[in-house]
Amino acid sequence: MESPDPAERKWACVAVSNLIQNDPSTRRLLQGKNIVGALITRLSDSEEEVVVEAGGALR
């Protein structure tokens with residue numbers, strides 16, 4: 011989610027969203043790695059698509 015490429019940041023947010031939604035054990039693992047903090051950081055990204063996907067992952 012920290013790539014200089016906005017497309018990579020966007021798809022990282024999409025992937026995290028899918029992992030969080032589909033598997034409770036993966037959700038707990040990612041929460042332990044501060045994924046919520048990383049997604050919150052992406053809410054101030056310069057690219058709108060990244061912001062949208064980060065917000066979606068946080069829902």
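Each position in the sequence shown, counted from 1, maps to that position plus 10 in my numbering. Where a beta carbon is used, it is the ideal one built from N, C-alpha and C, also for glycine. The model shown is predicted, which means the values in this text are computed figures rather than measured ones.
Of the listed residues Trp21, Gly66, Val26, nearest to Leu40 (C-alpha basis)
The shortest C-alpha separation from Leu40 is found at Val26.
What is the rounded straight-line gap between the Cα of Glu57 and the Cα of Val46?
Going by the C-alpha atoms only, they are around 19 Å apart.
Within the region 12–67, note down every full alpha helix (DSSP H) run reaching 4 residues or more, in order along the chain.
You should have 16–32, 34–42, 45–52.
Just the Cα atoms here: how many angstroms apart are Asn37 and Thr51?
A small correction: the amino acid at residue 37 is Arg; Asn does not occupy that position in the sequence shown. Each residue's alpha carbon lies about 18 Å from the other.
Val60: which of Ser35, Ser13, Cys23 sits nearest, CA to CA?
Among Ser35, Ser13, Cys23, the Cα nearest to that of Val60 belongs to Cys23.
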